[in-house]
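Our numbering numbers the first residue of the sequence shown as 97 and each following residue consecutively.
Here is the structure we will look at.
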Amino acid sequence: MRLLCLLLLVSLGLCAGSRARDWAHHGASMFADLSVREMKAVRSYLHGLPELGLTDASSNTLKKNSILLMELHLPRKHEALRALDRGQAKPQRQARVVVLFGNQAEPNITEYVVSPLPYPRSHEVKTFKGNRPVKFESRPITLSEYDHMITVLEKTSTMARKLLFETTGGFSFTNCTDRCLTYSDIAPYGLGPGERRSWVMLQKFVEGYFIHPVGFELLINHQDLDPERWTVDKVWYNGQYFDSVEELVRRYDLGDLEKVKLPDHDDNDLYSTYIPRGDSNTASDIHGPKLVEPQGPRYHVDKNFIEYAGWSFAYRVRSSAGLQIFDLRFNGERIAYEIGLQEAVAFYSGDTPAAMNTKYIDAGWAMGTSSFELAPGIDCPEIAKFIDLYHYYDTDKPVHHRNALCVFEMTTASPLRRHFNSNFKGGYNFYGGLENTVLVVRTTSTVGNYDYIWDFHFYQNGVMESRVSATGYIHATFFTPNGLNYGTKVYNYVLGNLHTHLIHYKVDLDIAGRDNSFESIDLKYVNFTNPWSPEHRVVQSQLHRTQHKTERSAAFRFGKKFPRYVHFYNPNDKNKWGHQKGYRIQFNSHAHSVLPKGWREENGISWSRYPLAVTRHKDSEATSSSIYAQGDPWEPAVSFEDYIRNNEDIVNQDLVAWVTVGFLHVPHSEDIPNTATPGNAVGFFLRPFNFFDEDPSLASKSTIIVRQDQDGKPKVQRWTPEVVGHCVSDKPFFYNGTYGGV
Numbered sequence: 097m098r099l100l101c102l103l104l105l106v107s108l109g110l111c112a113g114s115r116a117r118d119w120a121h122h123g124a125s126m127f128a129d130l131s132v133r134e135m136k137a138v139r140s141y142l143h144g145l146p147e148l149g150l151t152d153a154s155s156n157t158l159k160k161n162s163i164l165l166m167e168l169h170l171p172r173k174h175e176a177l178r179a180l181d182r183g184q185a186k187p188q189r190q191a192r193v194v195v196l197f198g199n200q201a202e203p204n205i206t207e208y209v210v211s212p213l214p215y216p217r218s219h220e221v222k223t224f225k226g227n228r229p230v231k232f233e234s235r236p237i238t239l240s241e242y243d244h245m246i247t248v249l250e251k252t253s254t255m256a257r258k259l260l261f262e263t264t265g266g267f268s269f270t271n272c273t274d275r276c277l278t279y280s281d282i283a284p285y286g287l288g289p290g291e292r293r294s295w296v297m298l299q300k301f302v303e304g305y306f307i308h309p310v311g312f313e314l315l316i317n318h319q320d321l322d323p324e325r326w327t328v329d330k331v332w333y334n335g336q337y338f339d340s341v342e343e344l345v346r347r348y349d350l351g352d353l354e355k356v357k358l359p360d361h362d363d364n365d366l367y368s369t370y371i372p373r374g375d376s377n378t379a380s381d382i383h384g385p386k387l388v389e390p391q392g393p394r395y396h397v398d399k400n401f402i403e404y405a406g407w408s409f410a411y412r413v414r415s416s417a418g419l420q421i422f423d424l425r426f427n428g429e430r431i432a433y434e435i436g437l438q439e440a441v442a443f444y445s446g447d448t449p450a451a452m453n454t455k456y457i458d459a460g461w462a463m464g465t466s467s468f469e470l471a472p473g474i475d476c477p478e479i480a481k482f483i484d485l486y487h488y489y490d491t492d493k494p495v496h497h498r499n500a501l502c503v504f505e506m507t508t509a510s511p512l513r514r515h516f517n518s519n520f521k522g523g524y525n526f527y528g529g530l531e532n533t534v535l536v537v538r539t540t541s542t543v544g545n546y547d548y549i550w551d552f553h554f555y556q557n558g559v560m561e562s563r564v565s566a567t568g569y570i571h572a573t574f575f576t577p578n579g580l581n582y583g584t585k586v587y588n589y590v591l592g593n594l595h596t597h598l599i600h601y602k603v604d605l606d607i608a609g610r611d612n613s614f615e616s617i618d619l620k621y622v623n624f625t626n627p628w629s630p631e632h633r634v635v636q637s638q639l640h641r642t643q644h645k646t647e648r649s650a651a652f653r654f655g656k657k658f659p660r661y662v663h664f665y666n667p668n669d670k671n672k673w674g675h676q677k678g679y680r681i682q683f684n685s686h687a688h689s690v691l692p693k694g695w696r697e698e699n700g701i702s703w704s705r706y707p708l709a710v711t712r713h714k715d716s717e718a719t720s721s722s723i724y725a726q727g728d729p730w731e732p733a734v735s736f737e738d739y740i741r742n743n744e745d746i747v748n749q750d751l752v753a754w755v756t757v758g759f760l761h762v763p764h765s766e767d768i769p770n771t772a773t774p775g776n777a778v779g780f781f782l783r784p785f786n787f788f789d790e791d792p793s794l795a796s797k798s799t800i801i802v803r804q805d806q807d808g809k810p811k812v813q814r815w816t817p818e819v820v821g822h823c824v825s826d827k828p829f830f831y832n833g834t835y836g837g838v
């Protein structure tokens, strides 16, 4: 009878596990990015509404009503959980659509929620928390606006053609062939709300033009929707300011200012190119190590649902901000409902106007849409599964990004755990080891000069890592002697400007359920009489736990002492040993604040005050930033500080951790030609803390145990094939790199 009951319990457990898996798989599509079919249907629906008066985004006029952005609108959490935890019907899919109404007496930005998909029939206005309005001037710059900016640059550079030609050694902005100038624009667009003025700096249009400034910068006022009324408000040349291009040219021709003459340009000695140079003793006629899958992949991908070694989750790449995962489970138990990138900023310092005004807030450039093609064998191993992405941003039809996300399993080339147990007689009692393999989900964002590599790593022992690696070209400006206070000279007339990268994540934890609490754990010294030697005293560390009961208590400021452990746990569920089941967040970061609290542009990134802040989950607090923060950081549409201002109770609640990681980058000569990834990766780990009864990677069959038999010969115990096999892809390298409408 006892055996029968035991078998019944095992059977029920297996059924429950299978059911949980099926429900997770069933619900994953709720989080899938909009399909091409859905995007086209939404566009057709909105363009069919006469009252909106929509026209094509590609139209050259700025006085138009057009769609800027289209992406998935997430369901409410409690509705999604009914499908994920009970197998109930999924909520209808919806689209978030941003419309620029420029052809109105009062131009405005309006967001709509369009539903149901794939056959939309209705729409409603979507507002921000507190019904905060969005200024039309805070909109991202569109391709049409850039076209008009180029027209201004053409007129301006024509006026200064002689100056530019002599300065650069034969480069010009117009009527050029192989010696052309290009430009980079700086943000935010002005010095206060309602402005739309951009500093623009000219550069040589060569490979890696970001590090070829020519010492010519313009302040273009492009606030008016009639480009004919745009003006050039300031000009900077070689450390000097001028009120107009005409004034600069006049004084240049008179010879009463210090002129610049850049070194002669040599295409064969281009310092910004990737073409190899210098000596290397590594053989070039053989390939380096490759990652292989001897018997094929051990993970499973079904549309946007992924399973691997006990893990399961759904993913999406949000067009506005980038990579997110949902319904993260290990062995069927949910650890997090949502983990996703919110924002990435790079705040600079410098001596030129472009440098001192550069405060990039990358969601304002639709960071998620800059997920371009990944190169096999470089960006991801050749054996990776490559997945296409589709975005709808500043376009009239969905844009296809081929092979823009990859999934692969890799070995870290170090053990997950190991032990050599010596017998201290020249032998051993046993050796045990487990190889460390990890599943990686990766995409990239190339936002102008910088490339970010976004990773989620899933380990066999229930640890998840979120990592970003920064590479690409530095944001360089024209060298002036005073510039050495703000960076490093990296080439003739080139200053690499110091800057701080900050990355913000939303981590909606559901540790064994939604009712969670939060504590920090530190150490304190205790001093007491030694119980076995009373004439002595013992000084040692003791655990010191602080339960944080309110949001303000759980908002840790940069510059203040940060706890050793930050621990999220379920006060109502314990493991076998009586400890509350929990996970902790472990930081890999060197971040610090970028501006004093409340200082102008800092208001738009108030999340950057905190390496960690903990709030109660609210559907109305879905994101910490917006695509408008770049255009108006002074009075932002989304103010993260509002999320903790009401100081709500966070004990036994549905909690969200908001995590900031980053690093200071002082450029140096080794950043030429561009920045390498080693040392430039930051992120955080989610690590189980009494969530399991023991290390769950014990389930891995990749363990090897070696013991000595009676004759001293090694006796190997393993659970995987003895012979690995020989397997390397014979497919040639292929890379296309194009993307376009579908």
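From the three backbone atoms N, C-alpha and C, an ideal C-beta is built for every residue, glycine too.
This one's a predicted model, so the numbers in the text were calculated from it and none came from an experiment.
- Judged by their CB atoms, lysine 186 and glycine 123 are nearer to each other than the 8 Å cut-off.
- For the pair aspartate 447 and glycine 311, the CB atoms are not nearer than the 8 Å cut-off.
- Scanning His308, Asp611, Arg293 for the CA closest to the CA of lysine 300 turns up His308.
- Counted as a single uninterrupted DSSP element, the beta strand (DSSP E) harbouring alanine 410 occupies residues 407-414.
- Residue nearest to alanine 120 within the set Ala725, Ile421, Leu145 is Ile421 (criterion: CA-CA distance).
- Nearest neighbour of serine 704 by Cα position, chosen from Lys797, Gly226, Lys602, turns out to be Lys602.
- The Cβ-Cβ distance between valine 778 and valine 564 falls below 8 Å.
- The DSSP assignment places complete alpha helix (DSSP H) segments of no fewer than 4 residues inside the region 446-517 at 449-453, in order along the chain.
- Contact between serine 716 and proline 667 does not hold, since their C-beta atoms are separated by about 26 Å, which reaches or exceeds 8 Å.
- Scanning Ile483, Pro732, Lys672 for the CA closest to the CA of asparagine 699 turns up Pro732.
- Inclusion of alanine 572 and glycine 592 in the CB contact set at 8 Å is warranted, their separation being smaller than that value.
- Leucine 165 places its beta carbon less than 8 Å from that of tyrosine 488.
- Across the set Thr773, His169, Leu150, Gly678, the C-alpha of Gly678 shows the shortest separation from the C-alpha of arginine 783.
- In the three-state scheme derived from DSSP, where H, G and I count as helix and E and B as strand, tryptophan 695 is classed as coil.
- Every beta strand (DSSP E) stretch that sits fully inside the region 209-261 and reaches 3 residues is listed by chain position as 218-222.
- By the criterion of at least three beta-carbon pairs nearer than 8 Å, the region 246-256 is not in contact with the region 219-232.
- Your pair serine 796 and tryptophan 754 does not check out as a contact, with CB atoms roughly 33 Å apart and the cut at 8 Å.
- DSSP places leucine 164 in the uninterrupted beta strand (DSSP E) bounded by 161-169.
- Taking C-beta atoms as the reference points, leucine 639 and isoleucine 607 fail to come closer than 8 Å.
- Classified as exposed, leucine 287 has fewer than 16 neighbouring CB atoms from the shown chains inside 10 Å of its CB.
- Restricting attention to Val331, Ile402, Val302, Val441, the CA atom closest to the CA of leucine 315 is found in Val331.
- Under the Cβ criterion (8 Å, minimum of three pairs), the region 478-485 counts as touching the region 494-508.
- Nearest to phenylalanine 652 by C-alpha distance, out of Glu167, Glu615, Pro494, Phe526, is Glu615.
- A distance below 8 Å separates the beta carbons of isoleucine 723 and glycine 460.
- For arginine 292, there is no enclosing beta strand (DSSP E), as DSSP marks it with neither H nor E.
- For phenylalanine 654, the secondary structure class from DSSP, reduced to helix, strand or coil, is coil.
- The shortest CA-to-CA distance from glutamate 469 to any of His764, Phe664, Ile549, Asp458 is the one to Ile549.
- Apart from sequence neighbours up to five positions away, the residues of its chain that approach proline 472 with a beta-carbon distance below 6 Å are Glu478, ordered along the chain.
- Here tryptophan 673 is exposed: its Cβ has fewer than 16 other Cβ atoms, across all protein chains shown, within 10 Å.
- With 16 or more neighbouring CB atoms inside 10 Å of its own CB, tyrosine 433 falls in the buried class.
- Only exposed fits asparagine 377, as fewer than 16 other CB atoms lie within 10 angstroms of its CB.
- In the displayed model, histidine 174 falls within a helix according to three-state DSSP.
- C-alpha of asparagine 317 to C-alpha of threonine 238: approximately 15 Å in a straight line.
- One Cα belongs to proline 692, the other to glycine 583, and the distance between them is close to 21 Å.
- By the neighbour-count definition (other C-beta atoms within 10 Å, threshold 16), tyrosine 621 is an exposed residue.
- Here DSSP, grouped into helix, strand and coil, assigns tryptophan 119 to helix.
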